[in-house]
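The structure appears below as structure tokens.
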Amino acid sequence: MDWSGLTCVVVGASSGIGRAAAVAAAGRGATVLAVARREDRLIELVSELGGEPHSYVVCDVSDLEQVRSMAAAVAARTTKLDVLINSAGIPGHGPINRTTPEQAEALIKVNLVSAIWCIQLLFPLMGHAPRDGRTPVVVNVASMAGRIPLPGAALYTASKFGLVGFTEALWGEMQSLGIQTMAVNPGFVHTEGFPMDHLLGTPLLRWTVMSPERVGEAICKGVENRRTEVKVQGWWNAVYLGTVLLGPLRRRMSRSVWKSTGGRRKARL
Numbered sequence: 003m004d005w006s007g008l009t010c011v012v013v014g015a016s017s018g019i020g021r022a023a024a025v026a027a028a029g030r031g032a033t034v035l036a037v038a039r040r041e042d043r044l045i046e047l048v049s050e051l052g053g054e055p056h057s058y059v060v061c062d063v064s065d066l067e068q069v070r071s072m073a074a075a076v077a078a079r080t081t082k083l084d085v086l087i088n089s090a091g092i093p094g095h096g097p098i099n100r101t102t103p104e105q106a107e108a109l110i111k112v113n114l115v116s117a118i119w120c121i122q123l124l125f126p127l128m129g130h131a132p133r134d135g136r137t138p139v140v141v142n143v144a145s146m147a148g149r150i151p152l153p154g155a156a157l158y159t160a161s162k163f164g165l166v167g168f169t170e171a172l173w174g175e176m177q178s179l180g181i182q183t184m185a186v187n188p189g190f191v192h193t194e195g196f197p198m199d200h201l202l203g204t205p206l207l208r209w210t211v212m213s214p215e216r217v218g219e220a221i222c223k224g225v226e227n228r229r230t231e232v233k234v235q236g237w238w239n240a241v242y243l244g245t246v247l248l249g250p251l252r253r254r255m256s257r258s259v260w261k262s263t264g265g266r267r268k269a270r271l
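According to the numbering used here, the residues represented by the sequence shown are 3 to 271, in order.
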């Protein structure tokens, strides 16, 4: 796949997986338009990519009006959108009884609703991308938490299950319009927002943690190979299938994991 001449919008590009995906896409020849809240990080990223023709738009994707303004700014800079990577995400806030409705709303907006808004408002530009067997593509970065429930992270799990389900529902709907959709479900990734120091500090578990760069490369390869889902680490397939086959036993395992990680203490009122 030749990325030269492609326009790629990366949402959540200021750090982590989004930043790595932007670097990987630009390295392949795409023109990257980076979107995030922190302008200083975006300026640094565009400079690293080599400046023009790459650019950025400051946007808090949890704010619908800012997303509308972002879409208008993108339309003012390009006549088409070939690849849209929705990578904005924030971590959960712990047990459900220790969180507020405002925290729940903020998390769901960033992790799920923002991707919906970006697709809806950037859809006209994707409609102008050539249907040449490689584009246009929508990439939604979810998580293995969108396949396997995480005890103690119900809100985060809900947002990622929603994003995975939304993406899968789009497979047929968008394919009929000539648009490819892909869900990315990585496991443990060490980033600013999701530090994995506890795993990296455990010799037996260190191998389970990935770098954002590995996921960024997997995203681009998934686009090139027209994948509908990317898990990045193959062993997660066995874990996912195992949880499905366990059926009702999953509830007991979930409670056991919750207790072993101090869940009772964390959930205490």
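Virtual Cβ for every residue (Gly too), placed ideally from N, Cα, C. Because the structure is a prediction, the values reported are computed rather than measured.
Query	Result
Rounded straight-line distance, which links the Cα of K82 to that of G129	7 Å
Short Cβ contact (7 Å threshold) for V76 with L44	no
Check whether A23 and G218 have beta carbons under 7 Å apart	yes
Burial state of G53 (16 or more Cβ within 10 Å)	exposed
Start-end ranges of the beta strand (DSSP E) lying completely within the stretch 170-245, minimum 3 residues	182-186
Cβ pair count under 8 Å reaching 3, the stretch 148-158 against the stretch 88-100	yes
Enclosing beta strand (DSSP E) for C10 [first to last residue]	T9 to V13
Rounded Cβ spacing between S6 and G29 (contact assumed at less than 8 Å)	That belief does not hold up - the Cβ atoms of S6 and G29 are roughly 12 Å apart, past 8 Å.
A74, buried or exposed, once every other Cβ within 10 Å from all chains shown has been counted against 16	exposed
E194 vs S17 beta-carbon contact at 7 Å	yes
Assumed close pair D84, A131 - CB separation to whole angstroms, cut-off 8 Å	5 Å
Beta-carbon proximity of N239 to A185, cut-off 7 Å	no
Residues that DSSP places opposite T33 in a beta bridge	T9
Min CB distance A26 to chain C below 7 Å	Looking at the structure shown, chain C is missing, and only one protein chain is on hand.
Beta-carbon spacing of V232, T183 below 7 Å	no
Collapsed DSSP secondary structure at V139 in the structure displayed	strand
Element boundaries [alpha helix (DSSP H), containing V76]	L66 to R79
For V13 and I87, believed in contact at Cβ under 8 Å, the rounded distance	7 Å
CA nearest to the CA of I19, picked from Q105, V59, Y242 and M212	M212
Rounded distance between the beta-carbons of V112 and G135, thought under 8 Å	Not really, about 33 Å apart at Cβ, beyond 8 Å.
G123 - DSSP class collapsed to helix/strand/coil	Reading the sequence as shown, one finds Leu at residue 123 and not Gly. In this structure, L123 counts as helix in the three-state DSSP scheme.
C-alpha gap between H192 and K223, whole angstroms	20 Å
Sub-7 Å separation of M3 and E215 beta-carbons	no
Residues that S57 bridges to, as DSSP identifies them	L35
Option nearest S116 by Cα separation, candidates P103, E104, A147 and R70	R70
Residue span of the alpha helix (DSSP H) that contains L51, given as start and end	E41 to L51
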